[in-house]
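Residue numbers (my numbering): 20 to 553.
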């Protein structure tokens with residue numbers, strides 16, 4: 020069979036059901052092989068800026084391998100920001116890069132570029148199909164690398180002339196290596212630390228999601244009546260928000276983190292390389308600290324971890340729970356660790372916090388993609404999401420959320436997907452709405468329209484004492500109704516809480532077609548929890 024067919028059949032046997040891409044000439048052999056397939060579809064995006072987040076969002080929402088196809092050097096360049104974000108989020112992503120026809124390489128043809136160097140800066144490893152002799156092995160090796168912890172994007176360069184070559188290899192599922200179990204003695208030592216501490220705590224990151232360890236984390240934390248703080252910028256919610264142990268996201272600054280953790284004398288870090296922060300502050304974390312994860316580049320904070328273990332996180336948490344034995348502290352009335360915050364009572368002017376809480380209440384069972392800027396802390400305060408059902412980019416950039424939600428909606432067509440996005444962020448990859456319409460994803464996109472980069476002004480206020488005029492997108496006022504019309508979406512615009520409540524009642528917790536809901540917010544009103552953003 021042709022190498023392109025071998026590649027696609029191998030992906031199918033590994034459970035892949037979608038390839039996202041903005042193809043060019045070098046991708047024709049691959050795209051042609053995708054036509055008419057029942058198990059694997061090629062999802063066209065209008066740019067690589069959209070295609071990479073779509074594949075990333077698909078992978079996170081389905082907890083599976085994502086695949087994106089990029090067009091040689093310029094296409095790879097366009098997609099590199101998304102690949103950076105996928106790497107931060109530990110997304111297992113296979114990046115199929117259209118290489119040059121090998122017969123042209125000595126001529127430096129159009130679109131020529133240093134693909135290995137470019138991809139290597141944002142991928143865990145880069146492999147190339149060089150001949151019929153290595154093609155089958157490197158297809159499997161690339162998939163294996165993407166599916167081996169620590170997860171990150173892996174690039175496979177695919178010259179179009181080689182994809183048309185014939186090989187005798189037979190496709191089969193790839194079986195990647197897995198991390199080992201936590202030693203029983205190590206589990207006992209960590210159990211001792213947690214049980215002997217007066218007030219232990221957990222800090223959870225993205226690896227909890229990828230190791231399917233959310234239930235084990237909740238069980239262990241609740242058995243100790245201990246909080247689970249979510250590490251700053253964690254890309255996927257690692258524990259149910261309904262858990263008594265859920266303590267919310269830590270603010271991305273060491274001074275705020277230190278204040279929040281000051282009541283705790285022992286901390287178990289679960290599944291992150293480090294705490295990602297924004298504005299500088301000194302590190303002050305004197306607690307006894309242990310770490311569980313899959314990344315050998317993990318960084319201790321302040322001083323060394325008492326112990327650190329590369330391990331299967333779900334098994335490790337279960338082993339520690341077992342080692343606790345009768346030393347568990349769960350009570351009939353467990354402490355609720357989540358902040359309690361009152362909603363504003365006045366409906367006028369139109370308040371972003373009331374708006375966000377109303378959307379979350381109306382779509383309780385939705386899969387939430389959040390790039391709402393300064394309202395993000397409000398979303399986290401009132402979201403009712405289960406583990407895995409709240410997703411952010413995680414890298415700190417913007418322009419990812421809208422496209423990622425489209426990929427998530429394609430991967431999880433059994434779920435209602437809601438994307439809550441700021442007006443500025445929504446414009447980075449608004450062409451992803453074409454793919455949503457083309458695929459009939461039936462998602463709700465909520466645009467928080469305050470005509471400015473409120474998050475940047477919040478940072479500017481901390482650093483300079485005032486907002487900056489350049490952090491505005493007004494004038495001209497962007498007409499989102501035109502954007503909805505351009506891509507064939509239903510459009511609803513509301514200017515007050517009463518109008519929003521009426522619109523949400525009409526939707527009934529689920530939209531029957533792709534819908535863009537624009538909320539015209541007052542620029543002078545900040546979200547209630549905005550102070551947590553930095």
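Backbone N, C-alpha and C fix where the C-beta goes; we use that ideal spot for every residue, glycine too.
- The region 111–125 and the region 167–184 touch, with no fewer than 3 CB-CB distances between them shorter than 8 Å.
- A check of alpha carbon separations from residue 234 across 256, 250, 251 identifies 256 as the nearest.
- Note on geometry: alpha-carbon atoms of residue 127 and residue 280 lie some 56 Å from one another.
- Short of 7 Å from the beta carbon of residue 360, and not among the five residues preceding or following it, lie these beta carbons of its own chain, in chain order: 400, 547, 548.
- Taking the Cβ atoms as the reference, residue 198 lies roughly 19 Å from residue 318, outside the contact range of under 8 Å.
- When 493, 462, 455, 456 are compared, the shortest CA-CA separation from residue 468 is found for 493.
- If you draw a 10 Å sphere on the C-beta of residue 189, you find fewer than 16 other C-beta atoms in it, and that means exposed.
- Under DSSP, the beta-bridge partners assigned to residue 310 are 288, 327.
- Excluding residues up to 5 positions away in sequence, 220, 264, 266, 356 lie with their Cβ nearer than 6 Å to the Cβ of residue 246 in the same chain.
- Relative to the Cα of residue 435, the nearest Cα in the group 380, 528, 407, 452 belongs to 528.
- Here the alpha carbons of residue 331 and residue 183 stand approximately 40 Å from one another.
- Taking 4 residues as the minimum length, the alpha helix (DSSP H) runs contained wholly in the region 146–220 are 154–165, 179–182, 203–215, in order along the chain.
- Under the three-pair Cβ rule at 8 Å, the region 116–130 does not count as touching the region 56–74.
- In this structure, the straight-line span from the alpha carbon of residue 138 to that of residue 149 is close to 17 Å.
- The three-state secondary structure of residue 126, taken from DSSP, is helix.
- Where residue 97 is concerned, there is no enclosing beta strand (DSSP E), although the alpha helix (DSSP H) around it starts and stops at 91–107.
- Proximity to residue 517 across 207, 181, 366, 354 peaks at 366, based on C-alpha coordinates.
- Around the C-beta of residue 28, 16 or more other C-beta atoms lie within 10 Å, and the residue is accordingly described as buried.
- Sorting 115, 313, 274, 20 by C-alpha distance to the C-alpha of residue 47 places 115 at the top.
- For the pair residue 450 and residue 502, the Cα-to-Cα distance works out to about 9 Å.
- Put simply, of 292, 534, 300, 542 the residue whose alpha carbon is nearest the alpha carbon of residue 514 is 542.
- Between the region 199–210 and the region 75–86, the count of C-beta pairs closer than 8 Å stays below three; the two stretches do not touch.
- A residue is called buried once 16 or more other Cβ atoms fall within 10 Å of its Cβ, and residue 291 is buried on that count.
- If you draw a 10 Å sphere on the C-beta of residue 372, you find 16 or more other C-beta atoms in it, and that means buried.
- For a cut-off of 8 Å, the C-beta gap from residue 95 to residue 40 is around 12 Å, too long to register as a contact.
- If the five residues before and after residue 321 are omitted, its C-beta is found closer than 6 Å to the C-beta atoms of 302, 304, all from its own chain and listed in chain order.
- For residue 389, the enclosing beta strand (DSSP E) covers residues 386–390.
- The residue from 254, 316, 240, 146 with its alpha-carbon nearest to that of residue 287 is 240.
- Membership of residue 268 in the beta strand (DSSP E) is indicated by the continuous run 265–268.
- Per the DSSP secondary-structure output, residue 468 pairs in a beta bridge with 539.
- Where residue 510 is concerned, there is no enclosing alpha helix (DSSP H), although the beta strand (DSSP E) around it starts and stops at 509–513.
- Counting along the chain, the unbroken alpha helix (DSSP H) around residue 277 starts and ends at 273–280.
- For the options 45, 325, 465, the alpha carbon positioned closest to that of residue 205 is the one of 325.
- In this chain, the beta strand (DSSP E) harbouring residue 39 covers 37–40.
- Taking 8 Å as the upper bound for CB-CB distance, residue 300 and residue 274 are in contact here, some 4 Å apart.
- Between residue 535 and residue 464, the C-beta gap is smaller than 8 Å, which places the two residues in contact.
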